[in-house]
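Novice:
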Amino acid sequence: MSAAKKTRAVASRKAAAAEAHLRPERELRAITSHIFRLAKSFDLPEVEVHVDEVIDALTRFANNTIHQHVAEHGLTVSLRVVVDGRTARVTTNRTDEDAFRGALESAASLAASQPKDAGLLPLPGEQKYRHVRRFASPTASLSAEARARAVKNACALAEGKGQVAAGIFSSGQSQSVLANARGLYAAYRQTQAEFSITMQQGSATSWAKANASDYRAFDPQQLAKTASEKAARAENPIELAPGRYTVILEPAAVLDLVGFLFYDFSATAVRDQRSCFSNRLGKQVLGRNITITDDVYHPEQLGAPFDGEGIPRERVVLVDQGIPRHLVYSRRSAKKAQTKPTGHGFALPNEYGEAPMNLVVEGGKTTLEEMIAGTDRGLLVTRLWYIREVDPYEKVMTGMTRDGLFLVEKGKVTQSVRNFRFNQSILQMLQNVESLGPSRRSTAEESFEMVVPSMKIKDFHFSEVTKF
Amino acid sequence: MWDYCGHSLDVARRRGATYADVRVMHFRQRDLTTKGGEVGTLGQSESIGLGIRVVVNGAWGFASTDQLTREGVAACAAQAVAIAKASALAKKEDVQLAPEGVYVDSWQGPCQKDPFEIPLEAQLDLLLKADAAMRAVKGVTLSETDMQFRKIDSWFASTAGSKIHQRRVHSGCGIVATSFKGDAIQKRSYPNSFGGQHILGGYELIEAMDLSKHAPLIAEEAVALHSAAQCPEIRTTLILGGSQLGLQIHESVGHPIELDRVLGQEANFAGTSFLTLDKLNHLRYASSIVNVVADARIAHGAALGTFAYDDEGVPAQCIDVIKDGEFRGYLSSRETAHLIGLQRSGGTMRTESWNRLPMIRMTNVSLLPGTWTPENLIADTDDGILMETNRSWSIDDRRYQFQFSTEIAWEIKGGKKGRMLKNPSYSGITTEFWNSCDAICNADHWVLWGTPNCGKGQPMQTMGTGHGAAPARFRNVKIGTAFSNE
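In order, the protein sequence lines correspond to chains A and B.
For the first sequence, this note's numbering gives the first residue as 91, with consecutive numbering after it.
For the second sequence, this note's numbering gives the first residue as 343, with consecutive numbering after it.
1) Against residue 151 of chain A, what residues of chain B qualify as contacts under a CB-to-CB distance less than 8 angstroms, listed in chain order?
2) Is the separation between the beta-carbon of residue 732 of chain B and that of residue 647 of chain B shorter than 8 angstroms?
3) Touching or not, the region 675-689 of chain B and the region 428-448 of chain B, by the rule of three or more beta carbon pairs under 8 angstroms?
4) Taking a cut of 8 angstroms between CB atoms, which residues from the region 452-480 of chain B lie near chain A?
5) Tell me, to the nearest whole angstrom, how far the beta carbon of residue 837 of chain B is from that of residue 445 of chain B; I am working on the premise that it is less than 8 angstroms.
6) How long is the line joining the alpha carbons of residue 106 of chain A and residue 253 of chain A, rounded to whole angstroms?
7) Taking the CB atoms as reference points, tell me whether residue 215 of chain A and residue 262 of chain A lie closer together than 8 angstroms.
8) Using a cut-off of 7 angstroms between C-beta atoms, extract the partners of residue 363 of chain A located in chain B.
9) May I ask which residues mark the beginning and end of the alpha helix (DSSP H) holding residue 670 of chain B?
10) Output the distance between the C-alpha atoms of residue 164 of chain A and residue 542 of chain B, rounded to the nearest integer angstrom.
11) CB-CB under 6 angstroms to residue 108 of chain A, same chain, minus the five flanking residues each way: which ones, in chain order?
12) Nearest chain B C-beta to residue 439 of chain A closer than 8 angstroms, yes or no?
13) Which class does residue 191 of chain A belong to by DSSP, given the choice of helix, strand or coil?
14) Could you list which residues in chain B have their beta carbon closer than 9 angstroms to that of residue 308 of chain A, in chain order?
15) Tell me, please, whether the CB atom of residue 174 of chain A is closer than 8 angstroms to any CB atom in chain B?
16) Which residue or residues does DSSP assign as beta-bridge partners of residue 302 of chain A?
17) Classify residue 370 of chain A as helix, strand or coil using the three-state DSSP reduction.
18) Do you know offhand how far residue 598 of chain B's Cα is from residue 355 of chain B's?
19) Judging by CA-CA distance, which residue of B/346, B/471, B/368 and B/722 is the nearest neighbour of residue 410 of chain B?
20) Of the residues B/579, B/481 and B/740, which one's Cα is nearest the Cα of residue 618 of chain B?
21) Does the Cβ of residue 391 of chain A have 16 or more other Cβ atoms within 10 Å, making it buried, or fewer, making it exposed?
22) With a threshold of 8 angstroms between beta carbons, is residue 672 of chain B in contact with chain A?
23) Expressed to the nearest angstrom, what Euclidean distance is found between the alpha-carbon atoms of residue 822 of chain B and residue 458 of chain B?
24) Who pairs with residue 225 of chain A in a beta bridge, going by DSSP?
25) Enumerate, from N- to C-terminal direction, the unbroken alpha helix (DSSP H) stretches of 4 or more residues contained entirely within the region 346-423 of chain B.
26) Grab the span of the beta strand (DSSP E) containing residue 176 of chain A for me, first residue to last.
27) Could you tell me the alpha carbon to alpha carbon distance between residue 550 of chain A and residue 283 of chain A, rounded to whole angstroms?
28) DSSP three-state call for residue 696 of chain B: helix, strand or coil?
29) Grouping DSSP H, G and I as helix and E and B as strand, with all else coil, what is residue 802 of chain B?
30) On a CA-only basis, which of B/427, B/478, B/465 and B/509 is nearest residue 489 of chain B? Give me that one, please.
31) Using Cβ-Cβ distances below 8 angstroms, what residues of the region 748-773 of chain B are close to chain A?
32) Run down chain A in chain order and give the residues with a C-beta less than 7 angstroms from the C-beta of residue 686 of chain B.
33) To the nearest angstrom, how far is the alpha carbon of residue 744 of chain B from that of residue 119 of chain A?
34) Contact criterion: CB-CB distance below 8 angstroms. Does residue 600 of chain B meet it with respect to chain A?
35) Buried or exposed, going by whether 16 or more other CB atoms sit within 10 Å of the CB of residue 344 of chain B?
36) Just mark residue 208 of chain A as buried or exposed, buried being the case when its beta carbon has 16 or more other beta carbons within 10 Å.
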């Protein structure tokens, strides 16, 4: 083998390795230990270090061909110092000695430049964590070729139906180590894969998407088939007048809306009086069939079992049979409220406090088909789009339906319908839920992944109609 | 940095790339916030790495790395080539790039006062004073302030021979007063909502904004909104303040003209566009007084969409988008230019960071100034509503139907600005709305607003864009739908 060939072979192997493997956890731990030693030499005994490594790849297609195909590999080191009642954070993706020294010096300087914070807590000590297993080796090693072949098959299905496919197939792995100088040490790694597809038939479109820790949990070709069949039904939409309709929201559409409540469950948001649950805790605000928890340990959830300060995440019942009962707390907001932290704090320093990131909406037993069969007149909604808050206290949201809106008449899907704009209070909506489907992990574009059911809801408010 | 660029291009070429370009980018960022008189976020970050884009077998591949060593960038280039070969498995046609010159250049954007050289104490003191001025107003339940600074160095090189270094400093600041009373939350922001104003420039922006001076007024307005009349549901004349009009341009002109959307490349995420190719030079987009350009040149102003070269090495340009009301041009790239008969890219390929692929993005999409003054505009309006400062925004995935709400509004009666209105909103269809524009204020009232948070692409990229706008008037607009129950 020539020298040039050898070089290429080594580079090739390294490229393959970079695509497939995270560093051993001990290397990340060694970075934290090294920074603690350096910090002592700077007389900075109170230091917290986050080391995060991400390997992601994404195959993107449109017009039945791959048009973007990317991969990234990065590691960041983020450290926080606490000095005399003051704190500051510095983050770098350089991992040499000079970078760490510079980061410590900058953090100390930033911290010293601010007024003393009477509410700042010392770093927490060692914690115990519940183990979660969310790393699937086959997903970590999924190749560009494998993703490309799956995409090719989906595009072939589209072409065979005279349709046009667009979407993504991504796979990746990540790990985080969080340690502080008081002995706290937390480590977590996960894989994640996602397939999303939009099928276009003429001017009609439909969509399907799945996301899981293990790519084998979903079938890209089945998702393509689902989107293809719905796109075929979506042609020649009729225009209906805006107004209040009974709607059947598929899980993605439920997620799109309910996900916007997440920060309202933050104790800091309630204290700041910008949560829709301000003055409403303990009251029958939602329907009795609505129970929402935050549960990172749910088998269909992803995410680390600790928060931005390394506090173990707890399962919290946020809404119990329509009554908002509990909030989530960081250490700081917990102290102010004289309660215990729930393990939902963001990395400090920040002004937001905390939020639940693993929402689970309790489901029911009514299948989507049964909801349709039991509806005399209503609309079946595939997904929602461009949702924004209109009224923060009544939690009125606006947005559009997208990629498949269908009229249901006398228990059957009869027509495709032009997309509507809605202006709808989520609180009112969750008072009007007539039936719920089984909960499952769902993914869309307007909120983060959640475990949610489909919902049949009366009097959903559509205010205007668009041109397609 | 040029060594890493050159070595990665060499590796890509040896492995079969017929074209490659590479970006080494170094970001330095500082974020400061306060809330209720206390420091919120206080942090600095830096990120440096390399991303390489290659064409192999007529298909694209991209890979990125933070391992800035000869071995690291070589492995990254090899991975990009392997990915491109995989892409070719599902290829329809070979990538075709519009011709472009070769440039060796270095450019630095304007920055009178380097924000990273200003003592942090002074920056925090400025924010805390503005924060205190808002809290001094009775009824304010939450006060928030923020500053952000970014220094971006980028080194671009291509197998064609271009080598371009650019340095840009972006600065931004804003304040928000919130008042919760009864069953309503009202808020006012200055100089704009969602982070304030952002420019290509330094600390001179922060000084010019004079946050403390404006803090009492917006705090008083936030409280006063509780007592204001509800904005009616009506069809009437609408006058939009400059910052809200900037966002209107962003959503209903800037996004629809992105050629990748038009061609279906964003169909799965950001959406497509009603501006199909047949509409170029054939659509009356707006009334004849409306002229919109996409201008990345420094001559247009120092904004978030200003640069000397885009991220595929094409010089900054000014593109006519709407000329005398007629639709004249898209935002294009080297790969898409030929599809609309252009000989050359419009120079709008931009990337969020070294680990992201450049894509078609807005530069500074601006409505050119008209001839009116705000005083004359109001005096000339018998019956209407003046709205200012965005509160929410939403538009469908083909960019036809939109709805915006703003923080505050005032009634206009008999040519005079009257009582304050709360919960204002308006909605419409893009081309109908722009065709109803009958007055635009002059250059004295034209501001190049910065939108720092434009999301697009998979994986998602956030980009800063610029939008020049002066207050303007629109006739027969649907008002108040967002708060209607019917």
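Even for Gly, the Cβ is constructed at its ideal location relative to N, Cα and C.
Specialist: Quick answer:
1) Translated into positions along the first sequence, residue 151 of chain A becomes position 61. Contact note: residue 151 of chain A reaches chain B through 432, using a C-beta cutoff of 8 angstroms and chain order.
2) Counted from its first residue, the second sequence places residue 732 of chain B at position 390. Counted from its first residue, the second sequence places residue 647 of chain B at position 305. No, they are not a contact pair.
3) yes
4) 461, 462, 463, 466 and 470
5) In the structure as shown, chain B starts at 343 and stops at 828, and residue 837 of chain B therefore has no counterpart that could be examined.
6) Here residue 106 of chain A refers to the residue found at position 16 of the first sequence. Here residue 253 of chain A refers to the residue found at position 163 of the first sequence. Residue confidence is low: residue 106 of chain A scores 43 on pLDDT, short of 50, so the model does not pin down where it sits. No coordinate-derived value is stated.
7) Taking the first residue of the first sequence as 1, we reach residue 215 of chain A at position 125. Taking the first residue of the first sequence as 1, we reach residue 262 of chain A at position 172. In this structure, residue 262 of chain A does not lie closer than 8 angstroms to residue 215 of chain A by Cβ.
8) For the purposes of this step, residue 363 of chain A is taken as residue 273 along the first sequence, with counting starting at 1. Neighbours of residue 363 of chain A on chain B, chain order: 483, 484 and 522.
9) Taking the second sequence and counting its residues from 1, one reaches residue 670 of chain B at position 328. That residue, residue 670 of chain B, is in no alpha helix (DSSP H); it is neither H nor E in DSSP.
10) What you label residue 164 of chain A is simply residue 74 of the first sequence in a count that begins at 1. What you label residue 542 of chain B is simply residue 200 of the second sequence in a count that begins at 1. For residue 164 of chain A and residue 542 of chain B, the distance between alpha carbons rounds to 28 angstroms.
11) Position 18 of the first sequence holds residue 108 of chain A. Only weak support exists for where residue 108 of chain A lies, its pLDDT of 41 falling under 50; the value from the coordinates is given anyway. Here the set comprises 163.
12) As a first step, residue 439 of chain A is located in the first sequence; it is residue number 349 there, counting from the start. At least one chain B Cβ lies under 8 angstroms of residue 439 of chain A.
13) Within the first sequence, the letter at position 101 stands for residue 191 of chain A. It is helical.
14) Locating residue 308 of chain A in the first sequence gives position 218, counting from the first residue. Within chain B, no residue comes near residue 308 of chain A; the closest Cβ sits about 16 angstroms away, beyond 9 angstroms.
15) Counting from one through the first sequence, the residue named residue 174 of chain A turns up at place 84. Answer no: the Cβ-Cβ gap between residue 174 of chain A and chain B never drops below 8 angstroms.
16) Residue 302 of chain A sits at position 212 when you count from the first residue of the first sequence. DSSP output for residue 302 of chain A lists A/283 as bridge partner(s).
17) The count along the first sequence starts at 1 and reaches residue 370 of chain A at position 280. Correct three-state label for residue 370 of chain A: coil.
18) For the purposes of this step, residue 598 of chain B is taken as the residue at position 256 of the second sequence. For the purposes of this step, residue 355 of chain B is taken as the residue at position 13 of the second sequence. Roughly 36 angstroms separates the two Cα atoms.
19) Here residue 410 of chain B refers to the residue found at position 68 of the second sequence. For the residues B/346, B/471, B/368 and B/722, the minimum Cα distance to residue 410 of chain B belongs to B/346.
20) Numbered from its first residue, the second sequence carries residue 618 of chain B at position 276. Ranking B/579, B/481 and B/740 by Cα distance to residue 618 of chain B puts B/740 first.
21) Locating residue 391 of chain A in the first sequence gives position 301, where the first residue counts as 1. By the 10 Å Cβ count, residue 391 of chain A comes out buried.
22) As a working note, residue 672 of chain B is residue 330 in the second sequence. No, residue 672 of chain B lies away from the interface with chain A (no Cβ there is under 8 angstroms from its Cβ).
23) On the second sequence, position 480 is the one that residue 822 of chain B refers to. On the second sequence, position 116 is the one that residue 458 of chain B refers to. Each residue's Cα considered, the two are about 44 angstroms apart.
24) Translated into the one-based positions of the first sequence, residue 225 of chain A becomes position 135. Residue 225 of chain A is not bridged to any residue.
25) none
26) Within the first sequence, the letter at position 86 stands for residue 176 of chain A. Unbroken beta strand (DSSP E) run through residue 176 of chain A: 176-182.
27) Within the first sequence, residue 550 of chain A is the residue found at index 460, counting from 1. Within the first sequence, residue 283 of chain A is the residue found at index 193, counting from 1. Taking the straight line joining both Cα atoms gives about 33 angstroms.
28) Counted from its first residue, the second sequence places residue 696 of chain B at position 354. Residue state, collapsed to three classes: coil.
29) For the purposes of this step, residue 802 of chain B is taken as the residue at position 460 of the second sequence. When DSSP states are grouped into helix, strand and coil, residue 802 of chain B belongs to the coil group.
30) Position 147 of the second sequence, counted from the start, is the residue given in the question as residue 489 of chain B. Checking every option, the nearest Cα to that of residue 489 of chain B belongs to B/465.
31) 765, 767, 769 and 771
32) Translated into positions along the second sequence, residue 686 of chain B becomes position 344. Those within 7 angstroms of residue 686 of chain B in chain A number zero; the least Cβ separation is about 21 angstroms.
33) Here residue 744 of chain B refers to the residue found at position 402 of the second sequence. Here residue 119 of chain A refers to the residue found at position 29 of the first sequence. Whole-angstrom Cα-Cα distance: 50 angstroms.
34) Numbered from its first residue, the second sequence carries residue 600 of chain B at position 258. By this cut-off, residue 600 of chain B is not an interface position.
35) Position 2 of the second sequence holds residue 344 of chain B. Label assigned to residue 344 of chain B: exposed.
36) Translated into positions along the first sequence, residue 208 of chain A becomes position 118. So residue 208 of chain A ends up on the exposed side.
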